[in-house]
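Encoded as structure tokens, the structure appears first; notes follow it.
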Amino acid sequence: MRGVSVGIERLKVAYGPVTAVNDVSLDIAPGEFLALLGPSGSGKTTILMTLAGFEHPSAGRILIGSDDVTTRPTNQRNIGMVFQRYSLFPHMSVRDNVAFPLKMRGVAKAERARLAEAALAKVRLAEFAGRMPAQLSGGQQQRVALARAIVYEPRVLLMDEPLSALDKNLREEMQLEILRLKEQLGITVVFVTHDQQEALTMADRVAVLSNGQLQQLGSPRDLYEAPANRFVAGFVGEMNFLEVGVLRSGGDGAAVRLPGGAEAVLPQGQIAGSPSGAQAVLAVRPERLVPVADGGVPVAVEQVVYSGATVLLVARSDDGTEIRARIGTHAGLAPLARGDRIRLGWAPEAARLFA
Amino acid sequence: MSRLARWFRGGRYLSPGAGTLLLLPFALVMALAFVYPLFDLLSQGLFAPKFTTVHYQRVFDQPVYLRILWRTLMTAVSVTVLCLILGFPVAYLLARLQGFKAAVVAACILLPLWSSVLVRTYAWVVMLRREGLVNSGLQSLGLIDAPLKLLYTEGAVLIAMAHVLLPFVVLPIYGTLKNIPPDYERAALVMGARRFQVFREVVLPLSMPGVASGSLMVFLTAIGFYVTPALIGGPQQMMISTLISQQVRELLNWPFASALVGVMLVVVLGIAAVFNRAIGIDRLTGGKA
Chain B
1 MRGVSVGIER LKVAYGPVTA VNDVSLDIAP GEFLALLGPS GSGKTTILMT LAGFEHPSAG
61 RILIGSDDVT TRPTNQRNIG MVFQRYSLFP HMSVRDNVAF PLKMRGVAKA ERARLAEAAL
121 AKVRLAEFAG RMPAQLSGGQ QQRVALARAI VYEPRVLLMD EPLSALDKNL REEMQLEILR
181 LKEQLGITVV FVTHDQQEAL TMADRVAVLS NGQLQQLGSP RDLYEAPANR FVAGFVGEMN
241 FLEVGVLRSG GDGAAVRLPG GAEAVLPQGQ IAGSPSGAQA VLAVRPERLV PVADGGVPVA
301 VEQVVYSGAT VLLVARSDDG TEIRARIGTH AGLAPLARGD RIRLGWAPEA ARLFA
Chain E
1 MSRLARWFRG GRYLSPGAGT LLLLPFALVM ALAFVYPLFD LLSQGLFAPK FTTVHYQRVF
61 DQPVYLRILW RTLMTAVSVT VLCLILGFPV AYLLARLQGF KAAVVAACIL LPLWSSVLVR
121 TYAWVVMLRR EGLVNSGLQS LGLIDAPLKL LYTEGAVLIA MAHVLLPFVV LPIYGTLKNI
181 PPDYERAALV MGARRFQVFR EVVLPLSMPG VASGSLMVFL TAIGFYVTPA LIGGPQQMMI
241 STLISQQVRE LLNWPFASAL VGVMLVVVLG IAAVFNRAIG IDRLTGGKA
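Respectively, the protein sequence lines represent chains B and E.
Going left to right, the first sequence walks through residues 1 to 355 as the numbering used here numbers them.
Going left to right, the second sequence walks through residues 1 to 289 as the numbering used here numbers them.
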């Protein structure tokens, strides 16, 4: 089984005056695992529903392989789908559930049973074929749903927050299960999630969406280390934002005035947009902050939380901004207490400036 | 009943005393107005004043009574089937509609429930009589020359009874359909099912508990129906309740009426037990969505 490419071209989905998805284009490579990440209402589920054919685009095209499927009915798209929950038919045995898509394709009964058992073996549930879905745990049910979605060797597998109804341990187990299957089958996967950790650990590339618009498309490392805008910077991982005054900006970078008066310089590659005004926002990850003797931002420590490998400092700058720092336990940090005043600094390449 | 026991026994929601107190008015009315008269009536058929089975024998000896009993059952079956055919699409539509449209359709189903059976039956008399709406309509369209005999026919009885009983099949089916998560239908479509296959393989089986309880409601009510068959049917459409009423009011033959009631009661309880078993089994296999 080999995956095919999926193309979303200038997709727009509108319900009357409400635009759920606005001008989104995505090119998904054959065999790629793409996550659609965003808060609720961002349009990620709408995109998936449009790929499945449950929603209809107001503009734009959907391509699966080289076929334009924009107007093709759901049942002729030959895609697999795993839903959030409630997707196994409760009146059919596990075997009949997995054999259902084959039955719809007119496969003979004996062959259906054989293929269904083989698919169940792939998710390591072969011995549960005779049970009813209600007799399985939530994780087992989702694995059956997975088997049912791949049994007919679809070209693309769509997953709509398939793990959100499971508890944490099961979720991690299922993440590995899905990745293992994807490797084994080479199938293209489009995966919707609101859990950024899930998106970062599972996907080859992540599309971050907000308000129906694509904010950034990139590898997990791109998103984390080089967020394209303030939304992505704040949505993916932890981030500190500081209001800064722009002193000068040009071809070789920018200089800004930090809260507390110190100056900081940013190389050109660390600047998103063109900071033309006097004010901009500087973003630094908590794990990139270190106590410094001078420069940086003076803060008052409010909380010190020891958590094994790192110490979390919750501090507040003089202009009232909360700043979090995660500092390695063995970084030689002097013991700190609530009320201590320190300066937090960072390496020049660790910060990003957003206009 | 088992659910009631669960509620009241442990006192999880109500103390046993409060439970009893709440049940008392209903239990009193049931005892005085239903249980006592029923047993009084049934005893008249068996003790006159000494134990006798002569009245029950008469029910089975004379073919005319068995024929009426059979006709009653067959009419009830036909009405149930008719209600299912007419009611299922309505329930399906109602379960898919939202907001104002759903309210309008629901009102169309519920409003007739709030008007009397007598009124609804007389409406059919007005529609179906020789110079009624149907005949005059067909005549003015030139489809028929002379008025058809519509009233006092079996068809008229079936249609009028189905109309009166329709809400009792629509509501439970609507309930089960409404509880089927939309993802089931979507999952079936993604897996390649055509619309009709989605209905046959997923929607219909999952709506069976509603179909069964709706059918039972309509069937049992239809068996005991009096007003509609009496007003719209002719002597050829006589049903058992009309026969019982005749025995009591015109012939004053209480013991024989009692025997008819007794036979009917056994038949109805038997059918209810079979249905209940069927629904119960369906529940076990995951019929409730």
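Note that beta-carbon positions come from the ideal geometry of N, C-alpha and C, so glycine has one too.
In this text, all values refer to a predicted model and were calculated from it rather than measured experimentally.
Inset, instruction - May I ask you to report which of helix, strand or coil DSSP gives N240/B? - result: strand
Legend entry - Partners in chain E for M81/B, counting only beta-carbon separations shorter than 9 Å: R186, A187, V190, M191
Legend entry - Exposed unless 16 or more other CB atoms sit within 10 angstroms - verdict on I240/E: buried
Legend entry - Supposed close pair S317/B, V297/B - CB separation, criterion 8 Å: 5 Å
Inset, instruction - For Y184/E, I'd like the list of residues in its chain whose CB is within less than 6 Å of its CB, leaving aside the five on either flank, ordered along the chain. - result: V202
Inset, instruction - Assess, as a yes-or-no matter, whether the stretch 122-132 of chain B is touched by the stretch 7-27 of chain B under the definition of 3 or more beta carbon pairs within less than 8 Å. - result: no
Legend entry - CB contact below 7 Å: F54/B versus chain E: yes
Inset, instruction - Answer yes or no: do V301/B and L336/B have a C-beta to C-beta separation smaller than 7 Å? - result: yes
Inset, instruction - Determine which residues of the stretch 208-229 of chain E have a Cβ less than 7 Å from any Cβ of chain B, and write them out in chain order. - result: none
Legend entry - Listed by chain order, chain E residues near R105/B by CB distance under 7 Å: G192
Inset, instruction - Run down chain E in chain order and give the residues with a C-beta less than 7 Å from the C-beta of T74/B. - result: L189, V190
Inset, instruction - Can you tell me which of the three DSSP states P167/E falls into? - result: helix
Inset, instruction - Please classify N78/B: does DSSP put it in a helix, a strand, or coil? - result: coil
Legend entry - Cβ-Cβ distance between L102/B and L115/B below 7 Å: yes
Inset, instruction - May I ask you to report which of helix, strand or coil DSSP gives G270/E? - result: helix
Legend entry - Limits of the unbroken alpha helix (DSSP H) element including P182/E: 182-190
Inset, instruction - Give the DSSP-derived three-state secondary structure of N179/E in the structure shown. - result: coil
Inset, instruction - Decide if M264/E is buried, meaning its Cβ has at least 16 other Cβ atoms within 10 Å, or exposed. - result: buried
Inset, instruction - Using a threshold of 7 Å, state whether the C-beta atoms of A35/B and V206/B are closer than that. - result: yes
Inset, instruction - Spell out the partners DSSP gives L36/B in its beta bridges. - result: V192/B, A207/B
Inset, instruction - Report yes or no: do the stretch 82-99 of chain B and the stretch 130-145 of chain B share at least 3 C-beta pairs separated by less than 8 Å? - result: yes
Inset, instruction - Please check if any C-beta of chain B sits within less than 7 Å of the C-beta of V202/E. - result: yes
Legend entry - Three-way DSSP call (helix, strand, coil) for Y152/B in this model: coil
Inset, instruction - Identify, in the order they occur along the chain, each residue of the same chain with its Cβ nearer than 6 Å to the Cβ of G224/E, setting aside the five sequence neighbours on each side. - result: S241
Inset, instruction - Could you tell me whether the Cβ atoms of A233/B and A283/B are closer together than 7 Å? - result: yes
Legend entry - Bridge partners - G16/B, DSSP secondary structure assignment: Paired residues: none, contrary to the question.
Legend entry - Beta bridge counterpart(s) of P259/B as assigned by DSSP: Answer is none; P259/B lacks a bridge partner.
Inset, instruction - Apply the 10 Å Cβ neighbour rule to P17/B and answer buried if 16 or more other Cβ atoms are within range, or exposed otherwise. - result: exposed
Inset, instruction - Could you check how far apart the C-beta atoms of V21/B and G212/B are, in whole angstroms? I think they sit under 8 Å. - result: 5 Å
Legend entry - Residue-chain proximity (P205/E, chain B), Cβ-Cβ < 7 Å: yes
Legend entry - E322/B in three-state terms, based on DSSP: strand
Inset, instruction - Run down chain B in chain order and give the residues with a C-beta less than 9 Å from the C-beta of D183/E. - result: F83, Q84, R85, Y86, S87, D160
Legend entry - Classification of E238/B by the beta-carbon crowding that lies within 10 angstroms, buried from 16 upward: exposed
Legend entry - Within chain E, the residues that P101/B reaches when beta carbons sit closer than 7 Å: M191, G192
Inset, instruction - For R105/B, collect the residues of the same chain with a Cβ closer than 7 Å to its Cβ; drop the 5 residues on either side in sequence, then sort them by chain order. - result: Y152
Legend entry - Euclidean distance between Cα positions of A289/E and I180/E: Reliability of the predicted coordinates at A289/E is poor, the pLDDT of 37 falling under 50, and the value obtained from them is presented with this limitation in mind. Cα to Cα, the separation comes out at about 5 Å.
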